[in-house]
Structure formats: C-alpha cells, structure tokens
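Visitor:
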Amino acid sequence: MTTKNGSHQRLLILGAILVAVIAAFAGWSVMSKPAAQAQGAKRTKVVFWNEMTGPAQQQLNTFVKDFNQSQSKYEVVSEFEGNYNEAVQKIINTHGTDASPAVFQSMDISTSQIHHTGYTTPVQKFIDEDHYDVNQIAAGARAFYANKGTQLSMPFNTSQPVLYYNATLLKKYKITPPPVNPSYSDITRVAKQLTDRSHKKVQGMTVEIYGWLFEQFMANAGVSLANQEDGHAGTPTAVNFTNAATVKTMKWIQDNLKAGDFVNYGAGANAQNNETASFLSGRLGMFMQSSASIGQLTTGNQDQLGITYYPHPDGQKSNGVAIGGASLWISNDKPSDVQRGAWEFIKYLMTAKSQAQWQVATGYLALNKDSQKEAVLQNLYKKLPATKVPGEQLRAATPNATNSGIFLQGLIQERNLTQTAMEQIYNGSDIQKSLATAQKSMNAYIQGNNRANGY
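For what it's worth, my numbering labels the leading residue of the sequence shown as 43, then goes sequentially.
1) Should residue 364 go down as buried or exposed, given a rule of 16 or more other Cβ atoms within 10 Å for buried?
2) Tell me whether the beta-carbon of residue 276 lies closer than 8 Å to the beta-carbon of residue 154.
3) Based on the DSSP output, what are the partners of residue 354 in its beta bridges?
4) Using C-beta distances below 8 Å, list every residue in its chain close to residue 112, excluding the 5 sequence neighbours before and after it, in chain order.
5) Closer than 8 Å is the cut-off here; do at least three beta carbon pairs connect the segment 365-380 with the segment 230-241?
6) Give the DSSP-derived three-state secondary structure of residue 263 in the structure shown.
7) For a test of the three-state rule: what should DSSP assign to residue 484, helix, strand or coil?
8) Which residue wins for smallest C-alpha separation from residue 242, given the options 355, 327, 313, 175?
9) If we require 3 or more residues per run, which beta strand (DSSP E) segments fall completely within the segment 246-311?
10) Taking DSSP as the reference, what is the three-state secondary structure of residue 446?
11) What does the Cβ neighbour count give for residue 171, buried or exposed, with the cut at 16 atoms within 10 Å?
12) How would you call residue 33, buried or exposed, if buried means at least 16 neighbouring beta carbons within 10 angstroms?
13) Would you call residue 423 buried or exposed, if buried means 16 or more other Cβ atoms sit within 10 Å of its Cβ?
14) At which residues does the alpha helix (DSSP H) containing residue 213 begin and terminate?
15) Please name the residue, chosen from 482, 432, 346, 472, that lies closest to residue 455 on a Cα-to-Cα basis.
16) At the level of alpha carbons, what is the spacing between residue 492 and residue 342?
17) Within the segment 75-148, note down every full alpha helix (DSSP H) run reaching 4 residues or more, in order along the chain.
18) Tell me whether residue 259 is buried or exposed, calling it buried when 16 or more other Cβ atoms sit within 10 Å of its Cβ.
19) For my contact list, residue 219 and residue 209 are in at a C-beta cut-off of 8 Å; report their separation, rounded to the angstrom.
20) Roughly how many angstroms separate the alpha carbons of residue 106 and residue 349, rounded to a whole number?
21) If you compare alpha carbons, which of 135, 189, 132, 200 is closest to residue 435?
22) Beta-carbon within less than 8 Å of residue 439's beta-carbon, same chain only, minus the 5 sequence neighbours each way: which residues are those?
Written out as structure tokens, the structure reads:
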C-alpha cells in the first residue's frame, strides 16, 4: 500500500526528471539553431548564371534545389542573366570581380570567344583529377566544346537540327514518308507530291533563312566553312562559302522555290513562328528546325509528327551535323574550392537520371548514354516514338572537324552575311555571286579581327 508521503516523494522525483528533460530539450533547441547556422555557413557558395526560360528554367531550378539537398558542402545559387548575347557580355565584363559567376552557361557560337578570353578553367582539369568517365557523354556533343584534345566546357542544353514532317498529311495523300536519313531528292519527292496531290492547299517544304541551317548543310556535306579544319587545327584566316557542295545545296533550294514545291517564310523570329503555325495547322508539310521544338510541335497537336535526320546531298553519305544549344564553363577567378563546387554541380547535371529528366522536361537531348535506360525517357519514347530520332542522329555521327562546330570568333557576323546571301538566292539571284560577296566580307572581317588580336 502506497503512503501519502511516498506518493509525494515519487511526484517530486518525476517532476525533477521532467524538469531535467525539458531543460535538456530547451538547451538542445537553443544550441541547435547556432549549430545549424554554423553548418550552413560551412557551405561553399557557387553562383550559377544561366539563360533558360519557361520549362527549362523550371527544371533547372529543380536541379539546383535537388543538388543542394543531396549534399552539405556546396550551395548553388542560380541567377538568370537574360538572353545568350547579354550573358556573354556580362560574363566578360564582370570577370575578376565579386559579381562574376563560378559556373556559367554560354551559347554554342561563343565557344571560341569565351576560350580566347582566358577567363575559364577547362573542365578537362577536373576530368583528369577525378578520372571522370567522359566517354559516357555523347562524343558529338563533347567535340563541339573541345579544342586540341582539351575539353573546354561541358555540353548541357543540346539540340540537333532535324527535319519535321506531318505524317498524318502524308498518309492522307498516300505519300511514302521520307527515309530516316534522307537525301535532297527524297525531300524534293515528298514536297512535290504534297503540293500536287493537295492541289497546292498544302505547301510542301520550307527552309528558313537561317545561318545555323546554312552551316549544317556544309557540315552534313563534309565541307569546312572555315580553313584550319573549321578552326580546330588553328586560328582560321578565311572562309569558303563558294565550294561546290554549298552551291549545289543553294541550287536545290532555289530550284524548288521556283517550281513552287518549296515556300520562303523569310528569316528571324517571325519566320520561325509562321512556319510553326502553318505546320501545326496542316498548311505546311515539312520544315527543318532544332530538335528543341519537339515539345511545341507535340503539345495539343492531333496530327502524328514525323522526324528525320537532316538531309544530305545526293550521291554521298551524310557526314553528320553539329549540335546547337549551350555548355557549362567554370570561371578561373574563383578559389579552388568554389571551382570544385562548380564541377560537382556540373557532374550532377550530367548524370543519367538528370539528363533523362532534362530531355523529357525540355526537349533538349539526354547526353549521358545511360539515360536511354531511364524509365522516364523510355516512357517518352513509347508515347512519342519519333522523339528518339534526334538522339539517334547525334549518336550515329562520328565526330570530325566538319561536324563538330566552327571554332571561329565572329560567328554572329558569319550568320548575318550568310543569311543575306540566302535571302538573295531565295529571291532568284546568282548563287555564286551572292555567296562570293558574303565570303569576301567575312574574310575581311576575319583578317581585321586577327590583326586586332595579334594572330
């Protein structure tokens, strides 16, 4: 039987224990916040500049959040810096200041410009230090951002130029689709049949006046746009727009425009928007554009989308085309631990899982070879089989000097000049003369630029 005094004593003991527990918990709580802050303070901040918008920006933010949660050593801070051209200037102008990024995204045609600033640490340094298996990343994409055996930056948002066709329209008019790897004459056949059998209700084909597409025609023909193996063997001193393959390509387009089987939508954003709208509405049968357009062409589209490789000249095999998009660079004005953090983030973005998620979310190609095994990508292919084609085109090509991009400063100028030549040719001008004029202007630009840079 418990006495009153015994009960009181037990209550005192229990109370003391409770007070001790509460005190201990309170002490732990008070100590935990500074401890957490101290832990957070130990994280190395890694500022990441990017130019992504829309779904790509959303997925990139998810990657940053997931990376930060996956480890406790680094904290990546993502900052949007406007379009590609704006970002390049900011990167150059802020280097060496507290405002510069540790890791940044820069467009494909800025590769030579960024490299020649001397402002970056080639990712090759970290590849060598970590014995990182770079062969898991698509060779064609890597080659674009490498120079003389050194990987300068890591390819990231990567696209391929492809040909789109409305498979539903072709079936309606009983037209055999073009092969997966078509020649110019294969495309001419389909365009002519579409035009004729629809009684011109459907426009057969368009090739936008776009310097990137001009470059891809040369790449797929195995012809260098610039000497020194498109700049991969040394600093280019001249371009060659008047070669036989380019003249042949421009004649193919011009002849089909005159015949009415091709249609000219012009250049720039309006041309791209108009050709896309016409394609989605069933008034245009085929056009060539970036593989990154797949999402736009499949969302809400009731017609079946067909995709082929970029067309190549008759009588020869396709050489392969260069990629588009941008890559990830590491700034050399940051301490070694910050540069290491930038590299760890890049590695995270290049995992098979991340790359598969990237392709599904954005339409950019998954560059890690093992991404093809990821369920999320397999599900996309089951739903839209044609989405496999751009990646297959990338993997099918053996990287060489003519399909690995043009390592030349002044590519924006080159595109302006070749687009002017294309516009003249589309309007019926003399092909050789138009190309020669653009070539002369570009060579003068290169010579002046090389003198200014002491080459």
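Quick reminder that beta carbons are idealized off the backbone N, C-alpha and C, glycines included.
Guide: Here's the rundown:
1) buried
2) no
3) 225
4) 390
5) no
6) coil
7) helix
8) 327
9) none
10) coil
11) exposed
12) The requested residue 33 is not part of the displayed model; the chain covers only 43 to 497.
13) exposed
14) 209-214
15) Comparing Cα-Cα distances from residue 455 to each of 482, 432, 346, 472, the minimum goes to 482.
16) 50 Å
17) 96-112, 126-136
18) buried
19) 6 Å
20) 32 Å
21) 200
22) 182, 360, 361, 362, 363, 445
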